[in-house]
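The block underneath contains the structure these notes are about, expressed in structure tokens.
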Amino acid sequence: MTGDILRAEGLRKQFPGVLALDGVDLSLRAGEVHVLLGENGAGKSTLIKILSGAYHPDGGRVLMDGRPVRIRSAGDARALGIATIYQEFNLVPQLTVAENLALGRPPRRFGLVDRARMERDAAGLLARVDVRVDPRTPVGRLGIARMQMVEIAKALALEARILIMDEPTAVLTTGEVEKLFAIVRQLRDEGVSIVFITHHLEEIPQIGDRVTVLRDGRSVAEVPASTPHDELVRLMVGRPIDQQYPRKRARPGEPLLKVRGLTRRGVFADVSFEVRAGEVVGVAGLVGAGRTEVARAVFGADHYDAGEVTVNGRRVPPGDVHAAMEAGLGLVPEDRKGQGLVLGAAVAENLGLVTLRDATRAGFVDRKGQRSAAAKVAGRLGIRMAGLDQEVRTLSGGNQQKVVIGKWLVAGARVLILDEPTRGVDVGARVEIYQLVNELTAAGDAVLMISSDLPEVLGMSDRILVMARGRLVGELPAAGATQDDVMAMAVAEVEGGRVQ
Amino acid sequence: MAVSSNVLVQRRSPVALWLAENGALVALVVLVVGLSLLSSDFLSVTNLLNVGVQAAVTAILAFGSTFVIVTGGIDLSVGSVAALSAIVLAWGATPAGWPWPVATVAGLAVGVACGLVNAVLIAYGKLPPFIATLAMLGVARGLALVISQGSPIELPAQVAHLGDTIGRYLPVPVIVMVVMGVVAAVILNRTYAGRAMYAIGGNEEAARLSGIKVDRQKLITYALSGGFAAVAGIVLASRLASAQPQAATGYELDAIAAVVIGGASLSGGKGRALGTFVGALILAVLRNGLNLLSVSAFWQQVVIGVVIALAVLVDTLRRRETS
Chain A
1 MTGDILRAEG LRKQFPGVLA LDGVDLSLRA GEVHVLLGEN GAGKSTLIKI
51 LSGAYHPDGG RVLMDGRPVR IRSAGDARAL GIATIYQEFN LVPQLTVAEN
101 LALGRPPRRF GLVDRARMER DAAGLLARVD VRVDPRTPVG RLGIARMQMV
151 EIAKALALEA RILIMDEPTA VLTTGEVEKL FAIVRQLRDE GVSIVFITHH
201 LEEIPQIGDR VTVLRDGRSV AEVPASTPHD ELVRLMVGRP IDQQYPRKRA
251 RPGEPLLKVR GLTRRGVFAD VSFEVRAGEV VGVAGLVGAG RTEVARAVFG
301 ADHYDAGEVT VNGRRVPPGD VHAAMEAGLG LVPEDRKGQG LVLGAAVAEN
351 LGLVTLRDAT RAGFVDRKGQ RSAAAKVAGR LGIRMAGLDQ EVRTLSGGNQ
401 QKVVIGKWLV AGARVLILDE PTRGVDVGAR VEIYQLVNEL TAAGDAVLMI
451 SSDLPEVLGM SDRILVMARG RLVGELPAAG ATQDDVMAMA VAEVEGGRVQ
Chain B
501 MAVSSNVLVQ RRSPVALWLA ENGALVALVV LVVGLSLLSS DFLSVTNLLN
551 VGVQAAVTAI LAFGSTFVIV TGGIDLSVGS VAALSAIVLA WGATPAGWPW
601 PVATVAGLAV GVACGLVNAV LIAYGKLPPF IATLAMLGVA RGLALVISQG
651 SPIELPAQVA HLGDTIGRYL PVPVIVMVVM GVVAAVILNR TYAGRAMYAI
701 GGNEEAARLS GIKVDRQKLI TYALSGGFAA VAGIVLASRL ASAQPQAATG
751 YELDAIAAVV IGGASLSGGK GRALGTFVGA LILAVLRNGL NLLSVSAFWQ
801 QVVIGVVIAL AVLVDTLRRR ETS
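If you read the protein sequences in the order shown, they are chains A and B. Just so you know, the working numbering puts 34 at position 34 of the first sequence, and the rest follows in order with no gaps. Just so you know, the working numbering puts 688 at position 188 of the second sequence, and the rest follows in order with no gaps.
This is the structure we're talking about:
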């Protein structure tokens, strides 16, 4: 086994009630990009937390350069040259880029922090990851893509030999992903070994060398990155998935949602569109194009300055979530944990959140009725849980997302706005969500779907709206459209805008 | 997917689960058993009733605080509001000469009004609850002193009966405590307002995006806290038959301690009326027991501080283990 910089053998990790890892092997060569693939809950997070010192395994061992090592803390991991970039970044938003890069070990002169040197060092690191940003900028002002680059630069500052990246592409647009891949390849060529977690199968041959597939806490296969998608999916879920995008297009009916001239100064302007009964309208665009902002305004979560929203013929007043709900709108927000769920509450509570008011008579909530409605929807969505009383926090990402969608089903929403509905959701649950979208539209409801996942937008929409710089720049039928068509619209307008 | 990922649920015995969920109750039982072994006086009927009376004011305040803490807020003003409400009642009845029912309603209304002012500052003024209610702590206490000119005011006899004992074994404060506890439990478990409190405390933004009018619910929450504080203040005054402007000073901290010992989380979304009840009993039993064992008042403070820290520590460790 020469060439292996890191080996994990037979790792086991038991949590109360859950066996998270049950015999996981991983071999990482020097200078390779090793993809870790598996559904949510398969054990990927637990594995990387063991490698980064956050958890201690109950069984098995980790070897580096052939010698067993003990990684008991984040400090141990750092000393061994292992750096991890989690989905939630470990950056302090109020501090500058330079301060973040030197966090915990700032260069000192006469016992005081040497800011000039700190900023010089930072500039050097930023150049290595090809990010042009002033090291004195507070990190909180950067976009997600550049924050991620700062995280990578931080790993470089620690001279990491192993870089673990947990779904780094989940929050990036296509262009940003390309840039990330270029940096990852460059690091690989410099001899850094990278453990790369992704849910996007098409990224695997682009960036990976080998793939380890995890399923139910076991490593079930180690295959080359060129393995066909079907085979990877089969390994991951233990059975083949018939169709990745099972959209059944229906003939659209009457317009259910009409948006006219929606404008919020400095954010979006003159946005007009319709969504018809039985229709899925996709909204594509770069991150920051204003898609989420428009969705939130339509739903009444934020105010807007001009324009009007009509649902099923009823005018919805601005900035009134309750009225939007009554009219039949539902929003599945982009930030599931932050805005969609009460994580510490039970599945039943979350499913009943929207209907709490309707289930109230003279101040008293009909909790039995709420519970049976929740049970019905949980069954329909196939939410995998120990029971309705399970805390939502402990569900996998896909099942959490089903709960967010489910609360709108309980409420009988006619127009669902889905903002990045499958981000961080595994393949199996993803197809289930698509099937649900099909069911809803078949029953005459309408779906507005914002997504940065182009194959998803193309595969699941009937029509696609493209946004750039706060404006609607184009519309095209999904049938026959290609990713290039959509991206051309999204990007062209941005560059035009920059010239102004 | 026939086999769902990683859910190999190991069933723990129902008894173990119940014990883990009701740690405060277990602690109370242990405390009672321990004290009855250490002191022969502890388990007497008179002493236990005494404990109940001592617990009553803290418990009623703490029930009100439970609402606020469940929403993820905090109410530091309840001690002062309790005193102000009692003073307004007594002042209304005696110097101002209102009929006692009017004075009582006025006292309760003042408590609710203080809560509403807190809520307006928090929900619409966007002040942190800590600051808004800290300000009210000062304002309400000050007003109590202003109205009473710094001296106790006699309570109307009809209201002072709240401090009596019915027959030999039924102290009215204990009855009021139990009633208020049941009311709190019903509000928290059964009403829209209560369920909305849990949602807001669990995730305010998710609650708002689910159509819950968060600002309006906060008004209700703090108004309830103020109302419960008023009841507590009146009960406290009735035991002395007079309203005192300096009464209930520092009680807000006991109330918060009772809520937290009872298993609520200061970050919101968790807490039960029964837990709070047990928390208030633990504090009262502890104080009573330490008195019986002739532990000095100075050391009592040390012991109670340690108990609060331990209670929360045990709870935190347990949660870390199960999550």
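Where is the CB? At the ideal position from N, CA and C, for every residue including glycine.
- As for any beta strand (DSSP E) of minimum length 3 sitting wholly inside the region 308-356 of chain A, the runs are 314-316, 329-332, ordered along the chain.
- Only exposed fits asparagine 90 (chain A), as fewer than 16 other CB atoms lie within 10 angstroms of its CB.
- Annotation: leucine 817 (chain B) has no Cβ neighbours in chain A at a cutoff of 9 Å; minimum Cβ distance is about 12 Å.
- For the C-beta of glycine 769 (chain B), the chain A residues within less than 9 Å are, from N- to C-terminus, Val342, Leu343, Gly344, Ala345.
- Taking CB atoms only, alanine 609 (chain B) has no neighbour in chain A less than 8 Å away.
- Contacts with chain A at 8 Å (Cβ-Cβ) do not include threonine 749 (chain B).
- In summary, the residues of the region 394-428 of chain A whose CB is separated from some CB of chain B by less than 8 Å are Thr394, Ser396, Lys407, Gly428, in the order they occur in the chain.
- Here the alpha carbons of aspartate 25 (chain A) and glycine 59 (chain A) stand approximately 12 Å from one another.
- Looking only at A:Val69, A:Arg251, A:Val92, A:Gly43, the smallest Cα-Cα distance to leucine 6 (chain A) is reached by A:Val69.
- Just measuring C-alpha positions, the residue of A:Ala153, A:Ala145, A:Ala378 sitting nearest leucine 103 (chain A) is A:Ala153.
- Under the three-state reduction of DSSP, glutamate 274 (chain A) is assigned to strand.
- With the criterion set as a beta carbon lying under 8 Å from some beta carbon of chain A, the region 730-743 of chain B has no members that meet it.
- In this model, leucine 783 (chain B) and alanine 606 (chain B) are separated by some 31 Å (Cα to Cα).
- Look at phenylalanine 89 (chain A) here: in three-state DSSP terms it is coil, with no helix or strand label.
- At a cut-off of 8 Å, the C-beta of leucine 356 (chain A) has a neighbouring C-beta in chain B.
- Ranked by how close their Cα comes to the Cα of arginine 314 (chain A), the residues A:Glu326, A:Thr355, A:His303, A:Gly307 have A:Glu326 in first place.
- The three-state reading of DSSP puts leucine 576 (chain B) in coil, since its state is none of H, G, I, E or B.
- Put simply, of B:Leu548, B:Ala741, B:Ala773, B:Gly701 the residue whose alpha carbon is nearest the alpha carbon of valine 679 (chain B) is B:Ala773.
- Per DSSP, the continuous beta strand (DSSP E) segment holding glycine 282 (chain A) begins and ends at 280-285.
- DSSP places glutamate 254 (chain A) in the coil class of the three-state scheme, outside both helix and strand.
- Unbroken alpha helix (DSSP H) stretches of 4 residues or longer found wholly inside the region 666-709 of chain B: 672-690, 692-702, 704-709, given in chain order.
- Around asparagine 100 (chain A), the same chain offers Leu91, Val92, Val139, Val150, Lys154 as residues with beta carbons nearer than 8 Å, after the five sequence neighbours per side are excluded.
- Boundaries of the alpha helix (DSSP H) around proline 629 (chain B): 629-648.
- For glycine 369 (chain A), the secondary structure class from DSSP, reduced to helix, strand or coil, is helix.
- Burial check for leucine 753 (chain B): the Cβ neighbour count within 10 Å stays below 16, so the residue is exposed.
- Closest option to proline 595 (chain B), judged by alpha-carbon separation, among B:Gly750, B:Ser738, B:Gln649, B:Val795: B:Gln649.
- The region 537-554 of chain B and the region 695-706 of chain B do not touch, with fewer than 3 CB-CB distances between them shorter than 8 Å.
- For isoleucine 622 (chain B), no beta strand (DSSP E) encloses it, and the DSSP letter there is neither H nor E.
- Judged by DSSP secondary structure, lysine 49 (chain A) falls within the alpha helix (DSSP H) whose first and last residues are 44-51.
- With a threshold of 8 Å between beta carbons, alanine 696 (chain B) makes contact with chain A.
- Alanine 809 (chain B) is classed as exposed because its beta carbon has fewer than 16 other beta carbons within 10 Å across all chains shown.
- The beta carbon of histidine 56 (chain A) sits no closer than 8 Å to any beta carbon of chain B.
- For glutamine 94 (chain A), the closest alpha carbon among the candidates A:Leu142, A:Arg471, A:Arg72 is that of A:Leu142.
- In the DSSP assignment, the residues bridged to glycine 474 (chain A) are A:Val466.
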